[in-house]
Amino acid sequence: GRLVNLGAGSWRDPLWELVEFRNVTRAVFVDPGGPPEGVPRSPRAVRFLNESAEPQNLKALLRKGQLLPRQPGFSLPVEVDFLKVDVDGCDCVLASKVLHLIRPKVIIMEINWSIPPPLRFVRHCHEDWWKSWETWGSIGFVLSTHGCSLMGASSTLEPFGFALWRLQGHVNAVFLRRDVQEALGQRRADETACFNEAWKNSELVRYVHFSLADDWRRGSGQDALKHAWGNIS
7 GRLVNLGAGS WRDPLWELVE FRNVTRAVFV DPGGPPEGVP RSPRAVRFLN ESAEPQNLKA
67 LLRKGQLLPR QPGFSLPVEV DFLKVDVDGC DCVLASKVLH LIRPKVIIME INWSIPPPLR
127 FVRHCHEDWW KSWETWGSIG FVLSTHGCSL MGASSTLEPF GFALWRLQGH VNAVFLRRDV
187 QEALGQRRAD ETACFNEAWK NSELVRYVHF SLADDWRRGS GQDALKHAWG NIS
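For the sequence shown, the working numbering assigns the number 239 to the last residue and increments by one with no breaks.
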């Protein structure tokens, strides 16, 4: 199979497991921090690019990874098996951009669980984002406005033909392409029901106070937006 991994700097990454145990023919892994610490060497099928994924360089990265041909005239998007996006920034924007270049069967997205349905939150790309992320991170704070909420991810991927299938681990959501979902006899998962079930897990990573997000979760959409506005910081 063929994999694209935007944000591949952690051993907890499910695509590293796929590379190790499955028949992978081509994998493009991208992370500015390099491979996970302690990895002896990347498998032969993996082209690891020690760079940041940005909307404007995605095509160049996939060409460096030998997933996209360099010669003109090839048709896009290119078929792949898995896409994973976890960059702690404008994840949904990157996903929407790269889906014009590749057509995965499965998408794994890191989710910001601080923002419940029906709220749709999507961090947009900004040149000063990483400076702020690193500054606050250096003193032990994680900015709550990174990535995208579950509804933000779902609404971003739906126009490309993807629907929520299940949650994975404590941070990820898995989306299947509709034809794959139908072939497997799977039904689209309900975002609100999935979120509410995940919310019971004490290990779920949250970036705002539990009581705030819980109030947003329990109220109407209008109340949730009114209460969340100005309180995500």
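C-beta: ideal position from N, C-alpha, C; glycine also.
Self-check item: Helix, strand or coil at Lys90 [DSSP, three-state]
Solution: strand
Exercise. Since I believe Leu231 is in contact with Leu156 (beta carbons under 8 Å), could you give me their beta-carbon distance rounded to a whole number of angstroms?
Key: At roughly 16 Å, the Cβ-Cβ gap does not stay under 8 Å, so Leu156 and Leu231 are not in contact.
Quiz item: From Val10, Pro122, Ser120, Arg28, pick the residue whose C-alpha is nearest to that of Lys70; which is it?
Solution: Val10
Exercise. Determine the extent of the alpha helix (DSSP H) in which Ala33 is found, giving its start and end residues.
Key: Not the alpha helix (DSSP H): Ala33 falls in the beta strand (DSSP E), residues 32-36.
Quiz prompt | Bounding residues of the alpha helix (DSSP H) (the contiguous stretch that carries Val148) | solution = Premise fails: Val148 is in no alpha helix (DSSP H) and is neither H nor E.
Quiz prompt | Bounding residues of the alpha helix (DSSP H) (the contiguous stretch that carries Val25) | solution = 20-27
Quiz prompt | Span separating the alpha-carbon of Ala159 from that of Gln62 | solution = 20 Å
Exercise. List the whole-angstrom C-beta distance separating Gly143 from Glu116, where the pair is believed to meet the contact cut-off of C-beta under 8 Å.
Key: 16 Å between Cβ atoms; not a contact.
Practice problem: Give me the Cα-Cα distance between Asp196 and Pro122, rounded to the nearest whole angstrom. | Solution: 13 Å
Quiz item: Should Glu179 go down as buried or exposed, given a rule of 16 or more other Cβ atoms within 10 Å for buried?
Solution: According to the sequence as given, residue 179 is Ala; it is not Glu. Result: buried.
Quiz prompt | N-terminal and C-terminal residue of the alpha helix (DSSP H) that Asn11 is part of | solution = No alpha helix (DSSP H) holds Asn11; the beta strand (DSSP E) holding it covers 8-12.
Quiz item: In terms of residue numbering, what span does the alpha helix (DSSP H) encompassing Val99 cover?
Solution: 97-104
Exercise. With Leu55 as the anchor, note down where its beta strand (DSSP E) starts and where it stops.
Key: 52-55
Quiz item: Measuring CB to CB, does Gln187 end up less than 8 Å from Ala169?
Solution: yes
Practice problem: Helix, strand or coil for Leu73, going by three-state DSSP, please let me know. | Solution: coil
Quiz item: Across which residues does DSSP place Met157 in a beta bridge pair?
Solution: DSSP lists no partner for Met157.
Quiz item: For Ser99 versus Cys131, is the C-beta spacing smaller than 8 Å?
Solution: Ser is not the amino acid found at residue 99; the sequence shown has Val there. Yes, Cβ-Cβ distance for Val99 and Cys131 is below 8 Å.
Exercise. Closer than 6 Å by C-beta to Ala33: which residues in its own chain qualify, once you throw out the five before and the five after it? Chain order, please.
Key: Leu9, Val25, Ala51, Val52
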